[in-house]
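Peer 1: Chains as they are written, first to last, in the working numbering: chain A, 122 to 317; chain B, 551 to 783. Cβ coordinates follow ideal geometry from the N, Cα and C atoms, glycine included.
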Amino acid sequence: MQAVILNGADKKNPSAAGAVRALKSRLDGLGWSLEVLNLTQMEIAPCTGCFACWTKTPGRCIIPDQGDLAAKALVNSQLAVFLTPLSFGGYNFHLKKALDRIICVVSPFFTRVRGEIHHQKRYECYPKLLGIGLCDAPDKEAQNLFAALVEANAKNLHAPKEAAITLVGRPSSKAIAGLVDDALQKLSICPAETLL
Amino acid sequence: MTAPKNALILIGSPRLKKSTSARLAAVLEEHLEKQGLKVARLYSRKVFASPQNTKELLAQIDTSDLLVLISPLYVDSLPAPVTRLLEIVAENRRGKEASSPKLFAAIINCGLPDSRQNTCALNICRIFARHSGLVWAGGLSLASGEIIGGRPLSQAQPGVRRIKKALEVAAVFLAKGQSIPNRAQQLMEKPLAPWPIYLWMGSIWFYRAARRNKATSKMHDRPYDKRAVPGKR
Chain A
122 MQAVILNGAD KKNPSAAGAV RALKSRLDGL GWSLEVLNLT QMEIAPCTGC FACWTKTPGR
182 CIIPDQGDLA AKALVNSQLA VFLTPLSFGG YNFHLKKALD RIICVVSPFF TRVRGEIHHQ
242 KRYECYPKLL GIGLCDAPDK EAQNLFAALV EANAKNLHAP KEAAITLVGR PSSKAIAGLV
302 DDALQKLSIC PAETLL
Chain B
551 MTAPKNALIL IGSPRLKKST SARLAAVLEE HLEKQGLKVA RLYSRKVFAS PQNTKELLAQ
611 IDTSDLLVLI SPLYVDSLPA PVTRLLEIVA ENRRGKEASS PKLFAAIINC GLPDSRQNTC
671 ALNICRIFAR HSGLVWAGGL SLASGEIIGG RPLSQAQPGV RRIKKALEVA AVFLAKGQSI
731 PNRAQQLMEK PLAPWPIYLW MGSIWFYRAA RRNKATSKMH DRPYDKRAVP GKR
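What follows is the structure in structure tokens.
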């Protein structure tokens, strides 16, 4: 099984580093492979809204940079983690830049997902989605919005399940591991008995 | 809030002048000017073309009483350059919150026929306003934006009249320093076409665009699937 972390945080961000460590440790134990894309260090231009990835080179963005790595990793994973400092309850610039470029993983045609109209699947399977938001101080409104955004993305990206957690301030490694374990359990990736 | 004297409209679409966002901005600008405001327009994509442009934007924001963001919806939230723009503005506003109160409103348009899909983006704008010491004046949510498809609103379908009216109502209230009323949103969210027809038209549009590019046979390709058979679903 394969997981990918799309990391929009600075590599030195202690909470982000803690979340990556916790995920690596837990997924290693379950026999998963983990790829981490540090988006702040990648060359990814913003989406230009040209629709070429639907009508010219279907399934592939025409911008020749590292933007395709995120889309490629996403469709070949069973778990995708969106790791980001919260920007007003949403994703930060670095993660959003990568996500805007992955609409090529769905088809331009339409379907209903959980009662809403969205784009059809392009691939047979899509990964489960885990959002990990980082914020300096508690902000219920922003944290709730982050969870709602991850849920909306899950519908858009045909994720079979989704979960969202927020790491507030500088939580301890133990606290981060606990939150990550809860989220993985919610995603049915980490059965409860393995947490004992 | 006192009535604003000047406004800055930030256009979030990377398609610049030919975007639906720019067409909505043109109508809003016209109505704000009718209310006596001096209005300037800026494109988020151009803001990052040079450090000088960014500096000018921040200076322009400092001198504006009303800011209106008009943006498309990208993957359930604001496009990345708009996100960056808001991050920079919030950073720049730190410490100036009390000294220069400003109104902030947002208009989000999405391509799908359900205006509720703009909710996350509008909430991001609302939280941005709180973080930046701006007075949140509400938002408008437009669905089926591709019906406008980057054409001037005067040339678009008859149903678009409601959108123009919504923008007029919003402009009247914003010009008084008040929030956008529900009435404007009610006008804005009425479907421009029955959704099955809209989706059918959308599918045809994508198919024709692919045909122009000689790519119809590839429309269901899975280029990143390690197990992919090209062209096979």
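Less than 8 angstroms separating the beta-carbons of Ile-713 of chain B and Phe-723 of chain B?
Peer 2: Contact flag unset, no.
Peer 1: Using the three-state DSSP reduction, which class does Trp-755 of chain B fall into: helix, strand or coil?
Peer 2: In the structure shown, Trp-755 of chain B sits in a helix (DSSP, three-state: H, G or I).
Peer 1: Quick check on this structure: which residue in A:Asn-134, A:Ala-191 and A:Phe-267 has the alpha carbon closest to the alpha carbon of Ala-284 of chain A?
Peer 2: Comparing Cα positions, the closest option is A:Phe-267.
Peer 1: Since I believe Leu-692 of chain B is in contact with Leu-653 of chain B (beta carbons under 8 angstroms), could you give me their beta-carbon distance rounded to a whole number of angstroms?
Peer 2: Not quite, the Cβ-Cβ distance comes to about 20 angstroms (not below 8 angstroms), so this is no contact.
Peer 1: Indicate the three-state DSSP secondary structure (helix, strand or coil) for Val-125 of chain A in the structure shown.
Peer 2: Strand, per DSSP.
Peer 1: So what does DSSP say about Gln-241 of chain A, is it helix, strand or coil?
Peer 2: Correct three-state label for Gln-241 of chain A: strand.
Peer 1: Let me know if Ser-297 of chain A comes out buried or exposed under the rule of 16 or more other beta-carbons within 10 Å of its beta-carbon.
Peer 2: Note that residue 297 of chain A is Ile in the sequence shown here, rather than Ser. Label assigned to Ile-297 of chain A: buried.
Peer 1: CA-CA distance, Ile-184 of chain A and Ser-594 of chain B?
Peer 2: Rounded to the nearest angstrom, the two C-alpha atoms are 19 angstroms apart.
Peer 1: Between A:Tyr-247, A:Glu-237, A:Asn-213 and A:Cys-246, which lies nearest to Ala-512 of chain B when the distance is taken from Cα to Cα?
Peer 2: Residue coverage of chain B in this structure runs from 551 to 783, which leaves residue 512 of chain B outside it and unanswerable.
Peer 1: Check the Cβ of Arg-181 of chain A against every Cβ in chain B and list those closer than 9 angstroms, keeping chain order.
Peer 2: In chain order: Asp-771, Pro-773 and Tyr-774.
Peer 1: For the segment 674-686 of chain B against the segment 632-649 of chain B, are there 3 or more C-beta pairs whose distance is under 8 angstroms?
Peer 2: With a cut-off of 8 angstroms, the segment 632-649 of chain B and the segment 674-686 of chain B count as touching, because enough Cβ pairs lie within range.
Peer 1: Give a yes or no on whether the minimum CB-CB distance between Asn-673 of chain B and chain A is below 8 angstroms.
Peer 2: Yes - at least one Cβ of chain A is within 8 angstroms of the one on Asn-673 of chain B.
Peer 1: List, in chain order, every chain A residue whose beta-carbon is nearer than 8 angstroms to that of Lys-568 of chain B.
Peer 2: Under the 8 angstroms cutoff, chain A gives no residues; its nearest Cβ is about 10 angstroms from Lys-568 of chain B.
Peer 1: Return the CA-CA distance between Leu-158 of chain A and Gly-129 of chain A, expressed in angstroms with no decimal places.
Peer 2: When rounded, the distance between both Cα atoms is 9 angstroms.
Peer 1: Do Phe-209 of chain A and Ala-263 of chain A have their C-beta atoms within less than 8 angstroms of each other?
Peer 2: Yes, the Cβ-Cβ distance between Phe-209 of chain A and Ala-263 of chain A is below 8 angstroms.
Peer 1: Any idea what DSSP makes of Glu-156 of chain A, helix, strand or coil?
Peer 2: Three-state result, Glu-156 of chain A: strand.
Peer 1: Can you tell which of B:Ser-694, B:Val-577, B:Gly-645 and B:Ile-658 has its C-alpha closest to the C-alpha of Leu-684 of chain B?
Peer 2: Nearest of B:Ser-694, B:Val-577, B:Gly-645 and B:Ile-658 to Leu-684 of chain B, Cα basis: B:Gly-645.
Peer 1: Does the Cβ-Cβ distance between Ser-198 of chain A and Ala-273 of chain A come in under 8 angstroms?
Peer 2: No. Outside cutoff.
Peer 1: From Leu-737 of chain B to Gln-707 of chain B, what distance separates their C-alpha atoms?
Peer 2: Taking the straight line joining both Cα atoms gives about 15 angstroms.
Peer 1: Return helix, strand or coil for Ala-191 of chain A, following the three-state DSSP convention.
Peer 2: Ala-191 of chain A falls in the helix class under three-state DSSP.
Peer 1: Given this structure, state the Cα-to-Cα distance separating Arg-291 of chain A from Gly-139 of chain A, to the nearest angstrom.
Peer 2: In a straight line, the C-alpha of Arg-291 of chain A is about 10 angstroms away from that of Gly-139 of chain A.
Peer 1: Counting along the chain, where does the alpha helix (DSSP H) carrying Glu-580 of chain B start and finish?
Peer 2: It spans 570-584 - the alpha helix (DSSP H) in which Glu-580 of chain B sits, taken as one unbroken run.
Peer 1: Give me the Cα-Cα distance between Thr-669 of chain B and Ile-754 of chain B, rounded to the nearest whole angstrom.
Peer 2: The alpha-carbon atoms of Thr-669 of chain B and Ile-754 of chain B are separated by roughly 28 angstroms.
Peer 1: Check each residue of the segment 624-648 of chain B: if its Cβ is closer than 8 angstroms to any Cβ of chain A, include it; give the result in chain order.
Peer 2: Taking 8 angstroms as the Cβ-Cβ cut-off against chain A, the residues of the segment 624-648 of chain B that qualify are Tyr-624, Val-625, Asp-626, Ser-627, Leu-628, Pro-629, Ala-630, Pro-631, Thr-633, Arg-634, Leu-636, Glu-637 and Ala-640.
Peer 1: Compare the C-beta of Pro-259 of chain A against all C-beta atoms of chain B and say whether one is closer than 8 angstroms.
Peer 2: So no, Pro-259 of chain A is outside the interface.
Peer 1: Let me know if Met-769 of chain B comes out buried or exposed under the rule of 16 or more other beta-carbons within 10 Å of its beta-carbon.
Peer 2: Buried: at least 16 other Cβ atoms inside 10 Å.
Peer 1: Check whether chain A comes within 8 angstroms of Ser-563 of chain B, counting only Cβ atoms and requiring the distance to be less than that.
Peer 2: Yes - at least one Cβ of chain A is within 8 angstroms of the one on Ser-563 of chain B.
Peer 1: Under 8 angstroms by Cβ, that's how I've got Leu-690 of chain B and Ala-716 of chain B pegged, so tell me the actual separation to the nearest angstrom.
Peer 2: Leu-690 of chain B to Ala-716 of chain B, Cβ: 6 angstroms. Contact.
Peer 1: Ordered along the chain, which non-local residues of its own chain (more than five positions away) have a Cβ less than 6 angstroms from that of Lys-145 of chain A?
Peer 2: Contacts found: Leu-155.
Peer 1: Rounding to the nearest angstrom, what Cα-Cα distance links Val-577 of chain B and Cys-246 of chain A in this structure?
Peer 2: Near 43 angstroms, if we compare the C-alpha coordinates of Cys-246 of chain A and Val-577 of chain B.
Peer 1: When you check each C-beta in the segment 169-199 of chain A against every C-beta of chain B, which residues fall closer than 9 angstroms?
Peer 2: Answer set for the segment 169-199 of chain A: Thr-169, Gly-170, Cys-171, Phe-172, Ala-173, Trp-175, Thr-176, Lys-177, Thr-178, Pro-179, Gly-180, Arg-181, Asp-189, Ala-192, Lys-193, Ala-194, Leu-195, Val-196 and Asn-197.
Peer 1: State the Cα-Cα distance for the pair Leu-148 of chain A and Glu-580 of chain B, rounded to the nearest angstrom.
Peer 2: The straight-line gap from Cα to Cα measures roughly 56 angstroms.
Peer 1: Quick one: measure Cβ to Cβ for Leu-207 of chain A and Cys-256 of chain A, integer angstroms, because I've assumed they're closer than 8 angstroms.
Peer 2: Contact flag correct, Cβ pair sits at about 5 angstroms.
Peer 1: Alpha carbon to alpha carbon, what distance is there between Pro-773 of chain B and Arg-783 of chain B?
Peer 2: For Arg-783 of chain B, the predicted model reports a pLDDT of 47, less than 50, meaning its position is unreliable and no value from the coordinates is stated.
Peer 1: Counting only C-beta atoms, is Lys-768 of chain B closer than 8 angstroms to chain A at any point?
Peer 2: Interface residue, yes.
Peer 1: For the alpha helix (DSSP H) that Arg-711 of chain B lies in, which residues bound it at each end?
Peer 2: Start and end: 710-725.
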